[in-house]
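Chains as they are written, first to last, in my numbering: chain V, 702 to 1069; chain Y, 702 to 1069; chain H, 702 to 1069; chain L, 702 to 1069.
Every residue gets a Cβ at the ideal spot worked out from N, C-alpha and C, and that includes glycine.
No experiment lies behind these values; they were computed from the predicted model shown.
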């Protein structure tokens, strides 16, 4: 008998919501209870009114929910009741908007999978350092598991509350994680150079993502200290004074391509890297290693070959002349960089095969 | 107990082969026996060597098969033996290259699903008119079913040999088919205007599809008589002297967007079109009707909302001032315009749920 | 001695304004007096603050002007005084917004070149039919010359007020114009199929042109009666009941590709088309004929080969089977489809070499 | 009286040749004598047969020249005679192919501007280290000036032979050059991260640049030691053991976006960087500084704002937490990264205004 999980989506109109709908409408163990919006004119309308691609795939209609609007007490309460009766609720709202929702949802039987950044950090001081404000619900932080199965699978099995990493964090962590396993070794400088697609900026129209303006760019945007580095620091223990990152918007919709340029204080051989990468990801279904010396398509991670899937491809090289190590990762920002982690976490939390539904999403090298 | 179908792919390196592999490696009722290549250096190599996206998804290795090369008798024989022991063989070679393969494969128990144009036409005279040569195996033509389930589902249930339509044919036929059901009506002039992506031209590098040259084009290519019109004529009975088409290469990789401008000899109302489109596709899982007057994303068929899936979206309008009817279709040229038809046909031929595997391929509006 | 023309731009932040700035900052006979904005925070700021590409090319700063805002009387008056002292003012505001400006500017020595649609039609009744309202300044209509040099060069030489056609109108008119010269012949049905880039929709961010949503589309938008057809009717005399058009947004930023499918009531030979196209454009510097039968890049008009320039490429073919004629045009919507016409008109109005500055803008086939 | 320079192009079909033609056909001081090809079927054909964008811009026809083919002695000799009578010859052949041409051309009055990498390095030992072979004409190396006006303007004024840098070299050198002027300072580690467009790979069709394969990539290609680093070392004196680079192919046709991540051994302030960047480029017309802290479009160099022009935009930042400096450059690989340097050098060599023709090529932010 198939186990059926009652699931709801808070934030059904953004790109996280859209991607959750794309994945969950075809998850054989999931029965979607609701997907919310705060746009009044969408309430009661079929999902495909906002997401035309989903025509014919679900009969679900948008529910009203606007946690920021006190006048909405009644509507919000109705939705919250539905949420509390669900087995799991996915929160797909922008970072900062999750607190009000969470406050009303904790303490019930419902599990929470939050894709925002609001509960990812364990240490309120770290939150304050990177987000420039006090965490409003610091006591909850330790109840959350960081929803990256490759690092926290055992905890996820017992987790009730999960905060899933976003695309840049996932890319930096999965590229860098094997470095933590290098023999007698943790002292290096690392700078991540990250290339991102336009969907990372979300569904809200604005000039920087207007088609005419966003097409054809190679635009530096966060070039210095970045909030997501807090997660790399937490998860990998990298020395914050030796960790930095710069991001570039490039002409694509989906995908994150990430390289960590690493300057170690001793010579590292490529075979050492092979060892720690294999060790780190030997049993992972969704992390694939590409580190061929041959060059050419597919020899190192390229977003081209993960787009549309839950794979994160990782690779590495040693530049003998300079002693520099390169660690590379490529993922689809809406899948392994977002809802892929969320659904993979759900599968684990509910004792399902971890790859359910996700492995059906085969990457095509013919998506742009 | 799950029925397992032993399937093979002849032509595993082209885009049809790639797409078949993307679909069939995750089809729960299919066990892939082989995928062939004629490139010697690929033989025995894992599939992902040529198709990096498939790393981790299949252990299959390329088999040698080159029907055009007589010196290869031994290698070809070995493969042909495997083929004859399979339940079904997909032929994914360019049009014109299927004859030699077919000759060696007919008369055994193996079913054939051919994605080339070689066996699509019933009438050898029609073949000669559009392909400028005699059909080499005319006696076989009547043993083939035209592999478009929306028009030939009942025949497919009993079919042994199937010739599936390509992307332009499928787009023109599914857009035009409801017109054949208009009351007391078959006299009109129709010109199809078709926009295509670069993957339609196949995997072979050449100048016209070199990235720098192909990017940013809106390039007329087949503007006059086109071979594929023979299929429209065969399937819909449109008067050949009143049927024409022009094609434009536009800046995308996947997708066909097709509009038929129709000039009828009487006034047609939009509600009549609603009636015949509904009638034609009421029970179809993979044909969705979009014909909203509101305008805006999703109101009419747009490749954006079918990309990556087996859907063909269709729509229509009446331009009251001129009396012109527009019939529109949008599909993914590698799915509903190619291997989607092939796998949907296989599902029907083997008594499976017609949507098996195919409905899992949810279109994302965030693919380019 | 070089003749210097004092010119101003009303509407300096939109894409027409941007393109005017790109052209005029390097026009050796033009001295830019002002470029306006109604966004307060831009006033007094250098042009490159809004248009980063123009850094280093001009020292001009934005001037305030907001004709829709009565509270601005003072600021508007100041600008209007500058405008009235200029030799020519380019009006680059959206259609409908030009009336208030024009009212204040006519009757002075200043020439006006208006790129909006507000003064393109001669007949107020035609305006009403297509724009669904009375023209607010009908008496002015006959003082305007339609700013398409290929059809109105002689009038432009003496013109004081010019209304330039936009991209779709220019494309339809230049493709169709030679048909008016066919011997003993004006009876046919024509449907234009037009493919457009995202910059046509202007600089205002909105969902339909959000990068993630606009990328990868082939989206039907105006499929029926369209305002721009009024201009085709006025300029070419085509029978309105036999004239129609459908438009598709395709994945590019700049460019219009237009095909007119023409169904004549007699057989037309390709050599007749050669004759009338040559006759129509023999002396035109910016209209190039492409009508090779060979196929391949460059054999027919393709936006790829006009992008960035003031060329409009035109071509044609006869489809012998169906008797259909195809007339094709390709242009850059911001140049020959907008400010190219405006500057070419200015050159003519002021007695300059018509190609001044414009011919320097060589199209590159390596722009996307 | 306008000075007219007789110029020829060896290698007229590649992208360097194409770009030279785009620039030089409209250079008021240049009279093109010839453009060569080694493809027999193009010889005697108009330029636009191969480069459709140039239709109407030049009457030049392709001349035969194939230095690699000894059987061609006669044809080659004819061309070489023309070359020797020209004031200047641009050599636009791939690196390695210039030697045979050069051998036959030195010693005459003709000046040479070579865009290949064959004569860029002064030191034959350096050539051998990076190109893995002996330089075939080492005695000539010192007769060449490195054709980057920002570093070698005075030498260019007297130069007879010039070897112009390519796109990656120009990007790395112009981003890094100001660092050489930092007070009491030359000790740091630098890694360049470079993003490139598809036109950099040239006009030859191959799988890696097939449209379907090249679209949508973020593909690491040269991740380790790279030949172009030799030029950075030569021009800037950077310590080779602390200098490295990784390159990524991204989804665009034109453009190079380059960031140098710099790890200095003392704290560097942003105002120091302002000082040295201003000092380095104060008098440069084609180098623009962008280093705003505000973020947003245009605050730092972005290929979007240089595409189509000869500008190289440069910028910088200091990441206070890590002490890392970022130096950024953006250029059009076919202009400032190739023929822009060549034509700017020519202008200087012949005593013309350095910006002749080049400043007319205004970048548009609406090219992709």
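Query                                                                                                                                                                                       : Result
Return yes when the C-beta of residue 1030(L) is under 8 Å from any heavy atom of the ligand PLP, and no when it is not.                                                                    : For the ligand PLP, the structure offers nothing, since it holds no ligand at all.
With residue 818(L) and residue 892(L) assumed to form a contact (beta carbons below 8 Å), what rounded beta-carbon distance in angstroms separates them?                                   : At roughly 22 Å, the Cβ-Cβ gap does not stay under 8 Å, so residue 818(L) and residue 892(L) are not in contact.
Taking only runs that begin and end inside the region 818–877 of chain H, name each unbroken alpha helix (DSSP H) of 4 or more residues, in chain order.                                    : 825–832, 850–859, 868–877
Since residue 718(H) is in the alpha helix (DSSP H), which residue starts that stretch and which ends it?                                                                                   : 716–725
Would you list the one or two residues that DSSP bridges to residue 948(Y)?                                                                                                                 : 895(Y)
Of the choices 1010(L), 885(L), 719(L), 862(L), whose alpha-carbon is the least far from that of residue 804(L)?                                                                            : 862(L)
With a cut-off of 9 Å, does the C-beta of residue 906(Y) fall near any C-beta of chain L?                                                                                                   : yes
Is it true that the region 806–815 of chain V meets the region 778–795 of chain V, where meeting means three or more beta-carbon pairs spaced less than 8 Å apart?                          : yes
Since residue 753(H) meets chain L, which of its residues come closer than 7 Å, beta carbon to beta carbon?                                                                                 : 998, 999, 1006, 1066
In chain H, which residues lie with their C-beta within 9 Å of the C-beta of residue 944(Y)?                                                                                                : 1022, 1023
Can you give the Cα-Cα distance for residue 838(H) and residue 750(V), rounded to whole angstroms?                                                                                          : 41 Å
Output, in chain order, the set of chain H residues within a Cβ distance shorter than 8 Å of residue 793(L).                                                                                : Chain H residues near residue 793(L): none, gap ~14 Å exceeds 8 Å.
Anyone know if the C-beta pair for residue 988(Y) and residue 882(Y) falls short of 9 Å?                                                                                                    : no
By the 10 Å Cβ neighbour count, where 16 or more other Cβ atoms means buried, how is residue 997(Y) classified, buried or exposed?                                                          : exposed
What residue from 916(V), 1017(V), 897(V) has the CA that sits closest to residue 900(H)'s CA?                                                                                              : 916(V)
Would residue 995(H) be called buried (16 or more neighbouring beta carbons within 10 Å of its own) or exposed?                                                                             : exposed
Under three-state DSSP, which class holds residue 989(V)?                                                                                                                                   : strand
Kindly list the residues whose CB is nearer than 8 Å to the CB of residue 757(V), restricted to its own chain and excluding five residues on each side of it in sequence; keep chain order. : 749
Rank 981(Y), 1002(Y), 985(Y) by C-alpha distance to the C-alpha of residue 991(Y) and give the top, closest one.                                                                            : 1002(Y)
Within the same chain, show all residues whose beta-carbon is closer than 6 Å to that of residue 953(V), passing over the 5 residues directly before and after it, in chain order.          : 898
Going along the chain, which residues of the region 964–988 of chain Y sit with their C-beta nearer than 8 Å to a C-beta in chain C?                                                        : Reference to chain C is not applicable here, since the protein chains of this structure are V, Y, H and L.
Run through the DSSP bridge pairs and tell me what residue 764(Y) is partnered with.                                                                                                        : 737(Y)
Quick check: what's the CA-CA separation for residue 910(Y) versus residue 951(Y)?                                                                                                          : 11 Å
Can you find a CB in chain L that lies within less than 9 Å of the CB of residue 723(Y)?                                                                                                    : no
Comparing alpha-carbon positions, which option in 773(L), 1027(L), 955(L), 813(L) lies nearest residue 790(L)?                                                                              : 813(L)
Please confirm whether residue 849(V) and residue 871(V) have their CB atoms less than 9 Å apart.                                                                                           : yes
CB-CB under 6 Å to residue 1057(V), same chain, minus the five flanking residues each way: which ones, in chain order?                                                                      : 1048
Taking only beta-carbon atoms, is residue 909(V) less than 9 Å away from chain L?                                                                                                           : yes
Threshold first: 3 residues or longer. Then list the beta strand (DSSP E) segments lying entirely within the region 1009–1037 of chain H, N to C.                                           : 1013–1020, 1025–1032
I'd like the list of long-range same chain contacts for residue 979(Y), defined as Cβ closer than 8 Å, with 5 residues on each side in sequence excluded.                                   : 990
Residues of chain V with a CB under 9 Å from the CB of residue 916(Y): which are they?                                                                                                      : Going along chain V, no residue has its Cβ under 9 Å from residue 916(Y), so there is no contact; the nearest lies around 10 Å.
For residue 771(V), count neighbouring Cβ atoms within 10 angstroms of its own Cβ and tell me buried if that reaches 16, exposed if not.                                                    : exposed
Should residue 862(Y) be flagged as near chain L, meaning a C-beta pair shorter than 9 Å?                                                                                                   : no
In the DSSP output, which residue or residues are listed as bridge partners for residue 709(Y)?                                                                                             : 735(Y), 790(Y)
Along the beta strand (DSSP E) that carries residue 963(H), what are the first and last residues, could you check?                                                                          : 957–965
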